[in-house]
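In my numbering, the protein residues as written are 52 to 252.
Positions of the beta carbon are idealized from the N, C-alpha and C atoms, including for glycine.
So the structure is just underneath, and the comments pick up after that.
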């Protein structure tokens, strides 16, 4: 399964956000990586700003370029505001829903749980991280996997209750995707308009 394997903290410092989950690197070095990271004067072109926003969205949701482009084209082909639909498609990916439910501490860990066959959707084993969850779908940790330490650790610090579009029963390790979230409910700091402008060129 293709995924980003490069230095995670360098990416987090580049965007000055914990892209891959909580990071001490941002506290130790609150500036960009590289020899010009401390520079106060870094004027970027319009294209560079748009590209950065697209890259940030890719790293946040753990997609490679082709996957992200395909998701954008799918969003563009659907009815509604393309930017909002793009975020909704990203949010409804199974790996992201597993992360939002609190079964994993990071999206990367959630992707691993899915691909290693620890997650069941509506009673059926699903090991495809990009599988799109629909309203009403029930997501459960596989019975044989419910004693996994990483799941227990993640759930102990879970804040799934703050998301209005999902429902979680920690005891049974079962969640329900209630509805597709609207743009204002999605907590990620991503300016989708910049991404649309980039792909529209």
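The DSSP-derived three-state label of residue 233 is coil. Taken through DSSP and simplified to helix, strand or coil, residue 179 comes out as coil. Around the beta carbon of residue 123, 16 or more other beta carbons sit within 10 angstroms, so the residue counts as buried. Residue 224 and residue 191 have their C-alpha atoms spaced approximately 6 Å apart.
Here DSSP, grouped into helix, strand and coil, assigns residue 122 to helix. Note that the region 229-239 does not touch the region 192-200; fewer than 3 beta-carbon pairs, one per stretch, sit closer than 8 Å.
Straight-line measurement puts the Cα of residue 222 at about 42 Å from the Cα of residue 102. Sequence-distant partners of residue 244 (beyond 5 residues in either direction) whose C-beta falls short of 8 Å from its own C-beta, in its chain, are 134.
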